[in-house]
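I have placed the structure first, in the form of structure tokens, so that the comments after it can refer back to it.
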Amino acid sequence: AWLQEKFSSNPDENILSEKWAKFEELQEKAKTFVVNNEFSEIIQNNGGTGLNASTGSDLTNYYYSLPSNKAELWFNLEADRFKNPTYREFYVEKEVVREERRMRIESNPIGRLIEEFVAVAFTAHPYGRPVVGWNSDITATTIEDARNFYDKYYVPSNITIAIAGDVDPKRMKKLAEEYFGDFRGKG
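Its first residue numbered 106, the sequence shown is counted upward by one per residue in our numbering.
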């Protein structure tokens, strides 16, 4: 959906109300095309547990456990997720990140102290920026910024796949080649 609003320093409240009503109507229609938590439901319905992610200064981890007889499902899901990213939850996730920052840093004296200490210790280094981002960065980040970041960094040379369990390594290599072999990334 695309809504364009001409900028005005004195917006007409009636027009704004109409635009918001239209926007809410479009959001409701969009819900018919989106299955909330579809990815996690597929994982859970196939015996998966522990679906989570973590972010550090140098990497992001995505992880969960699946029964070994579901290895091909894992390759199918992850290859699709990496080759065809969707950003439909961008604004929801942006608020999740903002709330995480409030909880871990802004509402926590130790979190604030560590953030300021690291910022001073690494003044001229990327490690000086908080992993979760500054509040102003979170606010200013656009969906286009997220796409550009993904296209730059989510490329085969930056991806490591780790598989453990009762699996045949030769079969895992074959599945990796089958599902990820054509993944080139855009970076």
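For each residue, glycine too, the CB sits at the ideal point set by N, CA and C.
Predicted, not measured: the structure shown is a model, and the values here were computed from it.
Query                                                                                                                                                      : Result
Which residue marks the beginning of the beta strand (DSSP E) containing N253, and which one marks its end?                                                : Element bounds for N253: not the beta strand (DSSP E) but the alpha helix (DSSP H), I248 to Y258.
Closest to V257 by C-alpha separation, out of E194, D163, A269 and K291, would be which residue?                                                           : Note on identity: in this sequence residue 257 is Lys, with Val being the wrong assignment. Per the Cα distances, K291.
Per DSSP, A158 forms a beta bridge with which residues?                                                                                                    : Y167
Are at least three pairs of beta-carbons, each pair with one atom in the region 210–228 and one in the region 182–201, less than 8 Å apart?                : no
Taking the C-alpha atoms as reference points, what is the distance between W239 and N141?                                                                  : 28 Å
Using a Cβ-Cβ cutoff of less than 7 Å, which residues in the same chain neighbour F195 once the five nearest sequence positions on both sides are dropped? : I248 and A251
Roughly how many whole angstroms lie between the Cα atoms of A229 and L164?                                                                                : 20 Å
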